[in-house]
Amino acid sequence: MKNFFSLILLALFCFASYTSVEAAKDFTAKDLMSLHRISDGQVSPDGQWVLYNLKTPAVGENKFYTDLYAVKIDGSETMQITTDKAADFNGRWSPDGKKIAFLSTRNGAPQIFVKDFPNGSVKQITDIEAGVANMDWSPKGNFFSFTSEVKLDKTPQEKYPEYSKAKVRIYDDLPIRHWSVWIDENYSHLFVIPSNGGTAKDLTKDLRYDTPLQPFDDAEDISWSPDESELCYTMKIVPQFEISTDSQLYIVSREGGEAKNITPNMPGYDKVPLYSPDGKWIAFHSQERAGFESDRVRLMLYNRESGKITELSKTLDQWVGTTIWSPDSKSLYFDCPTEGTKRVYTMNLAGKWKILTKGWYNYGGTLSITPDGKTLVLGRESMQEPNNLITMPANGGEVKQITDVNKEMKAQFNKVKIEEKWFVAKDGKKIHTWVVYPPNFDPNKTYPMITYLQGGPQSMLSQQFHYRWNWYLMASHGYIINVANRRGVPGFGQDWNDAISKDWGGMPMQDYLTVTDEMNKLPYVDKDRVCAIGASAGGYAAYWMAGNHEGRFKALLAHCGVFNLESMYGATEEIFFPNWENGGPYWDKKHKDFYEKNSPHKFADNWDTPIIISTGEYDFRVPYTQSLEAFTVAQLKGIPSEILIYPEETHFIAKPQEYIIWDAEVYKFLDRFCK
Amino acid sequence: MKYYSWLIAILFIIPISLFSEKMDEDILFTLNRLSSYSLSPDGKELLVQVSVPDVAENSTKTQLFLMSAKGGELRQITSEDSHNFGATWSPGSDKILFVSTRSGKSQAYVMDIKNGGEAYKITDMENGIANPIWSPDGKKILFTSDVKLEKTIKDNYPQFDKINAMIYDDLPVRHWDHWLDEKYSHLFVMDLQTKEVKDLMEGEKYETPLPPFGGASQLAWSNDSKFIAYTCKKVENFESSTNSSIYIVDITTGKTENITPDLPGYDMDPLFSPDGKSIAFSSMERAGFESDRHRLMLYDIASKKTKELSKDLDQNVEQSVWAPDSKSLYFHAGHNDGTEQIYRIDAKTGKYEVLTEGQHNFGDRGIEVTPDGKALIFNRRDYNTPSELYFMDLAAKEAKQLSHLNDDILNNIDKVKIEAKWFTAKDGKKFHSWVIYPPDFDKAKAYPLITYCQGGPQQSVNQFFSYGWNFLTMASKGYVIVAPNRRGCPGFGQDWTDAMSKDYGGMPMQDILVATDEMAKEDFIDKDRMSAIGASAGGYTVFWLAGNHEGRFSALVSHCGMYNMESKYGSTEELFFPNWDNGGPYWGSKKLKEYYAKVSPHSYAQNWDTPIMIITGELDYRVPYTQSLEAFTAARAQNVPAKLIVYPEENHWVLKPQEKLFWYKEVFKFLNQYTKK
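Sequence order for the protein chains is L and P. With this note's numbering as the guide, the letters of the first sequence map in order to residues 1 to 675. With this note's numbering as the guide, the letters of the second sequence map in order to residues 676 to 1352.
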């Protein structure tokens, strides 16, 4: 019935673009770039509705549209909350459930707007020149918290008003850049404003530090106390920002004044504070070891009365992800990468935990609970199903899908087979691997294979529906894909996770070779048509392979890859990362040997394999000159090679047209050598 | 005797200096800059191109002027609201042909200066034009213009018209300050009567003039207006070769002949002799070496034989021109003393003589010969004075100043003392250095010293009046400057020029240290307040010194310097340069690996302890700005005081007035902080 309905819809609205709806076809990059992306689900205070954010690409315009929607918690009804062409996002319910606050760019820079629910007019609350981000409604509804950029230093042009036309940046300290931005005179500060408008108060006044942590953290770094008297926020107040991961949690009165550091003796990242509904605790995330951004993420409890901090997650050798409290303050829920899938856990205040979800899905991202504490609302996706919202009893059990934002997809595209395998590494350890087969896979035929090289390097390969490294899409190009959770990725215990640092070119690379060799033994894998692809640390792996794969691969792809560990050290931004991973800088005698043995550029002599390289000029993490260095080697050795340079992209290819052309060029190249 | 004249000079200057002021960058940026000049075929008028920075507008505009060949007032003939440049004369001396941006794109314009009237546009090329030259018979012009010969990414993916991406499957991907695109600069000829335009390099994926610095001197009309000679590098691996050649194209048939097929280095700047019998050109002997000696060659059109004329002159022959009787040529060249002088060479025997003398550069912006062959017109400049035009009667051999572009400003500015010194290097060789003293230099006082490290690295420290490294301005801030012609600098014979390649961290660096140490012995130098500064290969020098100067310097300034020879190799563009200077890429042999490890400044980062200022432009693709980031990281991660300036829209040079003024202020704020009490 549902299928039938969607067919009619397609026939009515999409006739021109989907003329052959009956015959399923292989999934393409253009299809990937037409899917709706759901996020940020929020249960209403009465537990009846779930508010969410929907992002939709417009390939022709090369941009995305973002709007807010609400779905009945049983999935029976959906309503669009905002319709403006501008981006509307960050939707939050008023505590009485009668209003929805959100951010919108409809009048320029993002501002807070409030709309009556279910119907009513829209009212603008803030008018702040620098714009507003990370908005949240206070628990009693009297205030909004938000962050906004505050300019604290003079620009070079202000220092030299007679040269106001000069384009120049000046620094006397690191860092000078961060991911995709040059550090400037502005700092992201925490503000509070009455919910009916008025004057916003800067709670982190004059501080030359940011909350939330830049550039990837968001509103989760800030939390209201239940009585609205104070807020807890995350900030990294350290003398040398680029060599430290020592962020702290600060408590500040809603009225402003002195802030108190509640995690002074914890040298790793402390972040994501969460007041318990009963006001007794602040739960937060913490990493133990200073300078290691991929240490185990522990769930901590701060006792607001005694100031004591305890670790709740001692018996869980995994990374705690997005976290919420139960309404009764007796337990917490969080998502957590575990053995190749992201699962949702519950943990009580004694640290006892239980996994609530099952199956080859990633759960979480959205994690919200009804006020009665009985129902969880979760995001759910898998390698070939984009994210949707589901409900699940808070103690686990049957799930129910409540949104279907890409209905048409089901009927239209060929599915692929997915398998989970474990391979034995050179040292006898087991490597978890996902294998994805092409559509209409026939074991009597042979197929080219892609060995997928993971970035991070510490991030798990899971049942993710990724909008850039989408294995379903890769397989739909006609390849068998092996997706190995080589050592270094989380989800398999911290020891496994730790095992890439200071050994980049060692066992982790051997794990890839093991998985490739084992797959090559299968009758349907054509071992003469195997390639290896990866981005960032996966691009490092591709470059490392270029000098060390001994004939296994016929083609390689490196996107924003690390090629020369020495120049990378000098030109990247967060130096704690190479300090931890490589042991320290290249000029320190103690570490010279590591650089000598592990930098791909030291193996340039051996290069002989066709390689396609891509990079973004705004990638300041792995500056694009790394890619130029690699391309120069390939070209001078007469190796067929291609380089794609995106003047406006960062470490990631985000724009739809840029991505589709990347996909076209990459598979044109790989197909040339592997098909 | 020398000393005596110095005293007189002081006595002479003192009364004036009561009303005078010291040079600074703000005054520097009000000066008129003589950029080129051309004498009318009848010898009566000079067409002069002058540029002046407009600081408020943050641009530099170039305008055209006329001046009597006898000297006198300059008469401006183009207006301020556009750039007007590249001017040449009509054969009849009645019109001028020039490039103007007045209609948006650069197009060719003609102005009738005999009868007056508005300049009129004669080309309408989609991609604009450059380098227009009138044919000797007056009926045609040649010019160059970009031709699109490949598909863009948008042509290949028409449905994705908002894409911003570049794709390459071959080197080079960049050149100096631009990404290579699908366009090629071709040679065109246009019939002035029919307006018919013809691409003489149709379909060829090669360029003339040589990008990005080549200009009209690489193109020449034959005397009968039937042929054009042009310079072009028609090779497969553009980035690995310096093998440009001289091509002669028949403009009617399009038939093209390479007249230098067996010469593997750069061949450039063809010049038909007035008698039509030969073509002079400039040639470098060794393949892949961009700083080989610039030889003056003669190609005999009848016999098709080429010979070198300048065999007896161990200098770079630059900007040659023929004498009207075709019996000799004039050019400028180094003179073993840190200056450029004008030479005459006999076209038969190769015998040469030097025509000028003094601590100035002569003719380094071009030499014009009067139609009767009896006199030369050329520029003269030195560290105290920007270029002015001079006239020299060849019989009297006396240079007489013709133009006075900046007298009103410079008459009130204190001059500085300039001295040539010869130091003895570690291996006993002698090398030349310029020393520049502050305006009111008092040898009883102690001054901070700046050791200037030359870029290139194969560039002469001669009497340039540079707007980038202006020694007058720098010395006027109270510094003594030593500017060594360390080995590698041309002007002192090719052996000396050759001595930098494959020895980057070796003797050339020792020369810099010797010059510094010798200066430090002087009582008037405060050896606790010394700094080293330089750009490009000079920036390399500074980075090398940062790890090896052993306490000599209190501050360092490196502009667009090479810091890591391996990553630089991989991210620069013309690879023949590091291939020659380093012996090859950083891979391939143990010897190469060791060379890179030994000479790369980043190998000595652990020794860094000296405050350093680092400056770079994001459009510098020669020495990519990440080199500067690598160096800044080495300094700051080791807690060495450092300052980094990044110009998002500048290239290997700082060209915009406000950006450059900012540069002067910040550089001297930094030097003053660490080397001035």
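From the three backbone atoms N, C-alpha and C, an ideal C-beta is built for every residue, glycine too.
Tell me whether residue i is buried or exposed, calling it buried when 16 or more other Cβ atoms sit within 10 Å of its Cβ.
i         : result
P:Trp1097 : exposed
P:Tyr795  : exposed
L:Trp544  : buried
P:Gln782  : buried
L:Trp422  : exposed
P:Lys1243 : buried
L:Met79   : exposed
P:Ala731  : exposed
L:Lys342  : buried
L:Gln412  : buried
P:Gln868  : exposed
P:Ile1208 : buried
Just the Cα atoms here: how many angstroms apart are residue i and residue j?
i         : j         : result
L:Lys159  : L:Leu152  : 13 angstroms
P:Leu1004 : P:Ser778  : 39 angstroms
L:Arg672  : L:Val530  : 12 angstroms
P:Leu824  : P:Thr906  : 20 angstroms
L:Leu7    : L:Ala87   : Per-residue confidence for L:Leu7 stands at a pLDDT of 39, beneath the threshold of 50, marking its modelled position as unreliable; no derived number is given.
L:Ile639  : P:Ala1317 : 41 angstroms
L:Asn485  : P:Asn1347 : 56 angstroms
P:Gln751  : P:Val1217 : 43 angstroms
L:Lys417  : L:Ser476  : 11 angstroms
L:Ala130  : L:Leu103  : 13 angstroms
P:Lys1331 : P:Thr735  : 7 angstroms
L:Lys123  : P:Tyr859  : 56 angstroms
P:Gln1016 : L:Phe603  : 50 angstroms
Which first and last residues belong to the beta strand (DSSP E) in which residue i is found?
i        : result
L:Trp434 : Lys430 to Val436
L:Trp319 : First-last for L:Trp319: undefined, no H or E at that position.
P:Asp866 : Lys858 to Asp866
L:Ser476 : From DSSP, L:Ser476 is part of no beta strand (DSSP E) but of the alpha helix (DSSP H) over Trp471 to Ser476.
Residue i and residue j: beta carbons closer than 8 angstroms?
i         : j         : result
P:Ser1151 : P:Asp1089 : yes
L:Ile712  : L:Glu648  : Since the first residue of chain L shown is 1 and the last is 675, residue 712 of chain L is not available in this structure.
L:Ala541  : L:Tyr586  : no
P:Pro939  : P:Asn912  : no
P:Gly1009 : P:Ser1135 : yes
P:Asp975  : P:Tyr1296 : no
L:Phe191  : L:Thr147  : yes
P:Arg1019 : P:Asn991  : no
P:Pro1046 : P:Pro999  : yes
P:Thr935  : P:Asp942  : yes
P:Cys1164 : P:Gln1129 : yes
L:Pro267  : L:Ala290  : yes
P:Arg1204 : P:Lys1351 : yes
What are the boundary residues of the alpha helix (DSSP H) that residue i is part of?
i         : result
L:Arg92   : Per DSSP, L:Arg92 belongs to no alpha helix (DSSP H); it is in the beta strand (DSSP E), Asp88 to Trp93.
L:Ile660  : Pro656 to Cys674
P:Phe947  : Careful: P:Phe947 lies outside any alpha helix (DSSP H), inside the beta strand (DSSP E) at Asp942 to Phe947.
P:Ser1246 : Met1240 to Ser1246
P:Asp1170 : Gln1169 to Asp1173
Exercise. Would you call the stretch 614 to 625 of chain L and the stretch 1225 to 1239 of chain P in contact, with 3 or more CB pairs under 8 angstroms?
Worked result: Below 8 angstroms, too few C-beta pairs join the stretch 614 to 625 of chain L and the stretch 1225 to 1239 of chain P to call them touching: fewer than three.
For this session: Please determine if the stretch 195 to 202 of chain L and the stretch 161 to 172 of chain L are in contact, where contact requires at least 3 C-beta pairs separated by less than 8 angstroms.
Result: no
Exercise. Does the stretch 516 to 530 of chain L come close enough to the stretch 440 to 460 of chain L to have 3 or more Cβ pairs within less than 8 angstroms?
Worked result: yes
For this session: Could you name the residues of the stretch 225 to 238 of chain L whose beta carbon sits closer than 9 angstroms to any beta carbon of chain A, in the order they occur along the chain?
Result: Of the protein chains in this structure, namely L and P, none is chain A.
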